[in-house]
Amino acid sequence: MPTPSSFDALIIGSGQAGNPLAYALADAGRRVALIEQDHLGGSCINYGCSPTKALLAAAHRAHDVRTAGELGISVAPPVLDMPAVIARKNALVARHREAIRKNLTVEHPGITVLHGHAAFVGPHTLLVTPRERVEAERVTAPLVFINTGTQPAWPAIEGIQHVGALTNETLLDLPELPEHLVILGGSYIGVEFGQMYRRFGSRVTIVDTEPRIMAREDADVSKELQKLLEAEGVEFVLGGRVQSAARGTNGHVTLTVQTRTGERRLRGSHLLLATGRTPNTASLNLGAAGIKTDEHGFVVVDERLHTGVRGVYALGDVKGGPQFTHISYDDYRLVRDQVLHGIGRRTEARPVPYVVFTDPQLGCVGLSEKEAKKQGVPYRVGKLPVFHIGRARETGRTAGFIKVLVGADDRLLGAAVLSPEGGEIMSMLQIAMAGRLKYQQLRDMVLAHPTWAEALNNVFAQLK
């Protein structure tokens, strides 16, 4: 058996934690092998943030044109060129991939990129099978970092594997506009794609087992967003469990759904699965390294991202928990500081902000009301309809509301911002939370008029 190639560190997966970690280790003089079996860049670059937001931009622009009459502008209805929309998205993704390839191979000569599938054959040794199916090679290192991410989860529904269902990955390359897109799942991916394709011109129906969309959010948040989407023509079938799926001779998909009022049959031209994600761990042969997974297949780690096997870490979505690019990137920083600087920061206290890129956006950080009640944390609520923000009335973007939670010490506990530029407003509130500002400072701060930021004055004036 050939002697394994030796490195200082092995990174499995070219994602939003793996790539910057490779750069940092190489810059510190470590010899790094990064193994990737698919495209460089991970989910964010290839089928997550970048491509979906490129498509959303087109959908929102079409909506702006379609509704320009509300501002006194007469224009012809927009004409969708779906192949051109997809081509723009592809060009953006290609530029990102090339930039990452250059960073990994040209800018950092200490990194060796291996294209192929990695599987453990020991705690610190991997068998890498190239995509070209030539002879596999063994690589070894005292440090191993698992950053293999997730893939779309397929629900256990009769017939679902045979109807040509789409995922959030495959839908990105669909050249035609669905006549009627049925979406299984009313969480973040489902509502983003639902509004996107409705604005492109498809009929859209969202199906979910929960009685309301985005059930993890406070009820007032999810109900308000559902109302806004319904106003645009998105249909909902909630509290219904899909029993089976079949494709008819006319090419349409039929779902049999058991609802509280009886059985329903839903027919659509295309079916999108947005029912969660499952970790890419099944083929890693983790048992050979003594690495444990939970009941869903996610790698078990502690608060410093150790797997329990000396020198082996898991970063990003593959370890479970919040699945956001910015969390993956912070995983990189946490591990980098441990390995290179001896700083033992933990994951337990870090904030988990996130944005749902509907229009209006939903930006959230800190505790929700539901979480505060569950934890027994005393709080007060300030809530401001977006209509009362001057900037909203001037731009005609008046939908949504801003809600803040304040603790007994007058400091922010959390916020939910369902508003135009909701992600940016939420980020300002997050900065205030990090600085431990009291709400009175935000309420009385002099903020430029007319800006979205003025909402910070107004929402805290509504505090109970």
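Reading the sequence shown from the start, the letters are residues 237 to 700 in the numbering used here.
The C-beta atom is built at its ideal place from N, Cα and C for all residues, glycine as well.
Pair within 8 angstroms by beta-carbon distance, residue i and residue j
| i | j | result |
| --- | --- | --- |
| F436 | A510 | no |
| G358 | A524 | yes |
| S286 | L316 | no |
| G726 | Y615 | Missing from the structure shown is residue 726; the chain here goes from 237 to 700 and no further. |
| P589 | E630 | no |
| P596 | S663 | no |
| V554 | P515 | yes |
| I382 | V575 | no |
Alpha carbon of residue i to alpha carbon of residue j, nearest angstrom
| i | j | result |
| --- | --- | --- |
| C600 | P558 | 13 angstroms |
| Q479 | R503 | 14 angstroms |
| E343 | D263 | 10 angstroms |
| Q397 | P388 | 13 angstroms |
| A335 | V349 | 14 angstroms |
| G421 | R513 | 12 angstroms |
| A304 | A628 | 16 angstroms |
| A377 | P240 | 10 angstroms |
| R434 | A258 | 40 angstroms |
| E499 | L270 | 51 angstroms |
| A312 | D409 | 27 angstroms |
| V653 | T441 | 25 angstroms |
| I322 | G277 | 19 angstroms |
Three-way DSSP call (helix, strand, coil) for residue i in this model
| i | result |
| --- | --- |
| P366 | strand |
| E334 | helix |
| V470 | coil |
| K700 | coil |
| H360 | coil |
| Q387 | strand |
| G504 | strand |
| I271 | strand |
| P621 | strand |
| A377 | coil |
| T631 | helix |
| S286 | helix |
| G650 | strand |
| T403 | strand |
| V301 | helix |
| P319 | helix |
| A510 | coil |
| T529 | strand |
| G352 | strand |
| H542 | strand |
| T687 | coil |
Boundaries of the alpha helix (DSSP H) in which residue i is found, first to last residue
| i | result |
| --- | --- |
| Y549 | Counting along the chain, Y549 falls outside any alpha helix (DSSP H), though it belongs to the beta strand (DSSP E) covering 548 to 550. |
| F429 | 424 to 436 |
| L576 | 561 to 577 |
| T497 | No alpha helix (DSSP H) holds T497; DSSP gives it neither H nor E. |
| S480 | Careful: S480 lies outside any alpha helix (DSSP H), inside the beta strand (DSSP E) at 477 to 483. |
| D263 | 254 to 263 |
Residue i burial status per 10 Å Cβ neighbour count (16 or more: buried)
| i | result |
| --- | --- |
| L603 | buried |
| F623 | exposed |
| R331 | exposed |
| T543 | buried |
| T281 | In the sequence as displayed, the identity of residue 281 is Ile instead of Thr. Buried, by the Cβ-count rule. |
| H532 | exposed |
| N486 | exposed |
| H577 | exposed |
| L307 | exposed |
| E584 | exposed |
| A467 | exposed |
| I676 | Checking the displayed sequence, the identity of residue 676 turns out to be Gln instead of Ile. So Q676 counts as exposed. |
| D538 | exposed |
| V682 | exposed |
Min CB distance residue i to chain D below 8 angstroms
| i | result |
| --- | --- |
| M318 | Among the chains of the structure shown, chain D does not appear; only one protein chain is present. |
Residue range of the unbroken beta strand (DSSP E) whose run includes residue i
| i | result |
| --- | --- |
| L598 | 597 to 602 |
| L246 | 245 to 248 |
| L420 | 416 to 420 |
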